[in-house]
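See below for the structure under consideration.
2 protein chains.
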Amino acid sequence: MDTVETRELRYFLAVAEELHFGRAAERLGMAQPPLSRAIQQLERRLGVSLLVRNRRGVALTGAGEVLLHEGRAALDATTAAIRRTRRAGGADSPGGTRSRLVLAVKAAAFHELLQKLLDAHAAEPGAAEIEVLPSGTCEQEEMLRDGRADVALMHAPFNSLAGFDSEELLTEGQIAILPTGHPLAAHRTLALADVSDIPDLPLARWSRHGTYPPGPGPEIHDQTQLAQLIALGRTVAVFPDSARAWLWAEHTAVPLIDAPPVVTHIAWPAHSRSLALAGLIRTATQLYARAH
Amino acid sequence: MDTVETRELRYFLAVAEELHFGRAAERLGMAQPPLSRAIQQLERRLGVSLLVRNRRGVALTGAGEVLLHEGRAALDATTAAIRRTRRAGGADSPGGTRSRLVLAVKAAAFHELLQKLLDAHAAEPGAAEIEVLPSGTCEQEEMLRDGRADVALMHAPFNSLAGFDSEELLTEGQIAILPTGHPLAAHRTLALADVSDIPDLPLARWSRHGTYPPGPGPEIHDQTQLAQLIALGRTVAVFPDSARAWLWAEHTAVPLIDAPPVVTHIAWPAHSRSLALAGLIRTATQLYARAH
DNA sequence: TCCTGTCATACCCGGCAGGTATCACCGGGC
DNA sequence: GCCCGGTGATACCTGCCGGGTATGACAGGA
Numbered sequence: 001m002d003t004v005e006t007r008e009l010r011y012f013l014a015v016a017e018e019l020h021f022g023r024a025a026e027r028l029g030m031a032q033p034p035l036s037r038a039i040q041q042l043e044r045r046l047g048v049s050l051l052v053r054n055r056r057g058v059a060l061t062g063a064g065e066v067l068l069h070e071g072r073a074a075l076d077a078t079t080a081a082i083r084r085t086r087r088a089g090g091a092d093s094p095g096g097t098r099s100r101l102v103l104a105v106k107a108a109a110f111h112e113l114l115q116k117l118l119d120a121h122a123a124e125p126g127a128a129e130i131e132v133l134p135s136g137t138c139e140q141e142e143m144l145r146d147g148r149a150d151v152a153l154m155h156a157p158f159n160s161l162a163g164f165d166s167e168e169l170l171t172e173g174q175i176a177i178l179p180t181g182h183p184l185a186a187h188r189t190l191a192l193a194d195v196s197d198i199p200d201l202p203l204a205r206w207s208r209h210g211t212y213p214p215g216p217g218p219e220i221h222d223q224t225q226l227a228q229l230i231a232l233g234r235t236v237a238v239f240p241d242s243a244r245a246w247l248w249a250e251h252t253a254v255p256l257i258d259a260p261p262v263v264t265h266i267a268w269p270a271h272s273r274s275l276a277l278a279g280l281i282r283t284a285t286q287l288y289a290r291a292h
Numbered sequence: 293m294d295t296v297e298t299r300e301l302r303y304f305l306a307v308a309e310e311l312h313f314g315r316a317a318e319r320l321g322m323a324q325p326p327l328s329r330a331i332q333q334l335e336r337r338l339g340v341s342l343l344v345r346n347r348r349g350v351a352l353t354g355a356g357e358v359l360l361h362e363g364r365a366a367l368d369a370t371t372a373a374i375r376r377t378r379r380a381g382g383a384d385s386p387g388g389t390r391s392r393l394v395l396a397v398k399a400a401a402f403h404e405l406l407q408k409l410l411d412a413h414a415a416e417p418g419a420a421e422i423e424v425l426p427s428g429t430c431e432q433e434e435m436l437r438d439g440r441a442d443v444a445l446m447h448a449p450f451n452s453l454a455g456f457d458s459e460e461l462l463t464e465g466q467i468a469i470l471p472t473g474h475p476l477a478a479h480r481t482l483a484l485a486d487v488s489d490i491p492d493l494p495l496a497r498w499s500r501h502g503t504y505p506p507g508p509g510p511e512i513h514d515q516t517q518l519a520q521l522i523a524l525g526r527t528v529a530v531f532p533d534s535a536r537a538w539l540w541a542e543h544t545a546v547p548l549i550d551a552p553p554v555v556t557h558i559a560w561p562a563h564s565r566s567l568a569l570a571g572l573i574r575t576a577t578q579l580y581a582r583a584h
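This is the structure we're talking about:
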């Protein structure tokens, strides 16, 4: 008895996240008693107590906390397996590897690089079909983990490359994008400190899974909104150099002298063994081969 | 219906590895018909054909091959979750993180480094208890993946760091370990080519999961066997510099002038979030802080 | 041709996942 | 103090489904 069904993991994660059997059961679309029983059974089977039932609700034990993290990773890996298998089955390729790849890209970023990469890849003989999947802010990691994507373009240090294989493609500086009329827009260069705390131009807050970090700046969830807010003189933004591609007339870009360089990577799950993926990576690295 | 039970994954992996329903059923300790039915059900549920039933046996489709790789990763993640949860529960630590860590180390390697690391760690206040788990040749990766270990000492480029977070600890050159009487032992230095193909001293072949790579050399599965075979003048070995610690009188170490440097890393699963682990890593990196 | 080895089908049974009803418990009102 | 609302646990029932046995369909080989 040293195995656990994904059903049990799903149940535990629901309870561990809600910290409430009733709400967890509702979320799972089932009644509360069988859920209670399933968790008890899981605890008995593992020989470990996962939850402390308080008079008013539930709390996680140390072991419960571990299972919350590790179990989530395991469930992600399972759904990833399903998604990738389905994807491979749809194309029904003969050679034993899928001929379709999903590439996760932060929406509206990487314009030129993506265009060049897709063109170069399409020119390769026998190249896999690439589906470009727009992702939210820093969502690429999840997409790789849970199988919605096979490969992603990421911006270090904003994206975390932990747990993935990756290749460097491109290194850029960063620029501040200011309303053209603003006094700071007249400068040749700026420092991070100059733009991080301008009273009349608070930094915008990006949506992340429907929630926003605290702060005074406007709430945004796509780049067009941001562009408009800058044009209206309501905010300022910091972006990699290549963002110059989408500057409006009302925008002025000023290089940031002390901003950390942004490194664009192509990243994929470390255990991937697909020929189609290898082809894309080879194309990408050849395209951006640096003197190093 | 976009989920799969670990039981079904286990079943599929057995069939995919055996390529034979009967043997797979035997391995699983069950009868063949329910196994056949379970796989059919899995294929129906995924909407994908995984196996081609030939007149004589079974072959994998492209999708089947994907599920073989991804499913194995998912199962590993699941058993890792169970193992780590059990481990955390045994200690039953109060703070929400486990106070016991399993460190995978290639058996009989890293003598000095390991000793220093354990001493330094034990000296830290509130440090976690460390269990040192000897691992086979290049087995540390699996142990981290399936939860038998929480953290490992690895030798790049022999171990693959793909999919793990890691920190560099130490870089060494490599030496050839020769029988003292051998003519080559008289040299001040040697090149890789000098020792890779000596007719009377074929390189030993390490056991890897009970099998051995092909070649003329003797089959070994631990370092003492190797040491003895060298002393007897039957083979030669190439090791990192620190292997001098276990040289016998009958051994002579000669630096290899062109061998790639060996970098010792401490590595752990990228998603780890344990305070105990963080403490050990901090100790290790401080101990081996390099000028860089 | 039969025999052998393969996987699939047919059928039955027992266990367990899940539902409903209810209990035990506790904290907070009044 | 009392009751009430809300928590998770228990009791009990039912239907599904996972697993077993027996058998079939089918293809190769002697």
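As you go down the protein sequences, you meet chains A and B in turn.
Following my numbering, the numbering of the first sequence begins with 1 at its first residue and continues without gaps.
Following my numbering, the numbering of the second sequence begins with 293 at its first residue and continues without gaps.
Cβ coordinates follow ideal geometry from the N, Cα and C atoms, glycine included.
Test: residue i CB closer than 8 Å to a CB of chain A
i              : result
G387 (chain B) : Its pLDDT being 43, under 50, G387 (chain B) is placed unreliably by the model, and nothing is read from it.
R299 (chain B) : yes
G418 (chain B) : no
R390 (chain B) : Any reading at R390 (chain B) must be qualified, since the residue scores a pLDDT of 45, below 50, and its modelled position is unreliable; the value itself is stated next. Yes, its Cβ sits closer than 8 Å to a Cβ of chain A.
G381 (chain B) : yes
I374 (chain B) : yes
T503 (chain B) : no
A365 (chain B) : yes
A369 (chain B) : yes
Which listed residue (the options) has its alpha carbon closest to that of residue i
i              : options                           : result
L462 (chain B) : B:G502, B:L405, B:L436 and B:A568 : B:L405
V236 (chain A) : A:R282, A:A193 and A:R44          : A:A193
E65 (chain A)  : B:V554, B:S564 and B:P475         : B:S564
A88 (chain A)  : B:L395, B:G509, B:A551 and B:L359 : B:L359
P33 (chain A)  : A:G71, A:G217, A:F21 and A:R27    : A:F21
E129 (chain A) : A:R148, A:Y288, A:T137 and A:L103 : A:L103
L524 (chain B) : B:W538, B:I374 and B:L493         : B:L493
A16 (chain A)  : A:P213, A:I177, A:W248 and A:V58  : A:V58
P261 (chain A) : A:A276, A:L277, A:S242 and A:A80  : A:S242
H474 (chain B) : B:A372, B:G571, B:I490 and B:R329 : B:I490
V424 (chain B) : B:G439, B:S566, B:A545 and B:A444 : B:A444
S328 (chain B) : B:R319, B:N346, B:V340 and B:F304 : B:F304
A60 (chain A)  : A:A73, A:D76, A:A74 and A:E43     : The sequence given here has Leu at residue 60 (chain A), not Ala. Checking every option, the nearest Cα to that of L60 (chain A) belongs to A:E43.
E70 (chain A)  : B:A496, B:F450 and B:G439         : B:G439
L9 (chain A)   : B:E310, B:A372 and B:A562         : B:A372
I177 (chain A) : A:H209, A:V238, A:P134 and A:P125 : A:V238
The ligand SAM heavy atom lying under 7 Å from the CB of residue i
i              : result
V443 (chain B) : This structure simply doesn't include the ligand SAM, nor any ligand for that matter.
Neighbour flag for residue i against chain B, beta carbons, 8 Å
i              : result
T285 (chain A) : no
D200 (chain A) : no
L67 (chain A)  : yes
T180 (chain A) : no
H271 (chain A) : yes
D150 (chain A) : no
T3 (chain A)   : yes
E70 (chain A)  : yes
A63 (chain A)  : yes
A204 (chain A) : no
R86 (chain A)  : yes
Y11 (chain A)  : no
E17 (chain A)  : no
Rounded distance between the beta-carbons of residue j and residue i, thought under 8 Å
i              : j              : result
S166 (chain A) : I82 (chain A)  : The Cβ separation is near 24 Å, so there is no contact.
L101 (chain A) : T377 (chain B) : Contact flag wrong, Cβ pair sits at about 34 Å.
H111 (chain A) : W246 (chain A) : 7 Å
L569 (chain B) : D411 (chain B) : Not really, about 18 Å apart at Cβ, beyond 8 Å.
A399 (chain B) : D514 (chain B) : 6 Å
For this session: Could you run through the region 101–124 of chain A and flag, in chain order, every residue whose CB is less than 7 Å away from some CB of chain B?
Result: none
Exercise. If you scan the region 174–246 of chain A from start to end, which runs of the alpha helix (DSSP H) of 4 or more residues do you find wholly inside it?
Worked result: With a minimum length of 4 residues, the continuous alpha helix (DSSP H) runs that stay inside the region 174–246 of chain A are 192–196 and 223–231.
For this session: With 8 Å as the limit, tell me which residues of the region 46–60 of chain A have their beta carbon closer than that to any beta carbon of chain B; keep them in chain order.
Result: L46, G47, V48, S49, L50 and L60
Problem set entry | Continuous beta strand (DSSP E) assignments of at least 3 residues falling wholly in the region 411–441 of chain B | 421–427
For this session: Quick one: which residues of the region 218–231 of chain A get their C-beta closer than 8 Å to a C-beta of chain B? List them in chain order.
Result: none
Problem set entry | Unbroken stretches of the beta strand (DSSP E), 3 residues or longer, contained in the region 327–363 of chain B | 343–346 and 349–352
Problem set entry | Within 7 Å of chain B by C-beta, residues of the region 159–173 of chain A in sequence order | A162, G163 and D165
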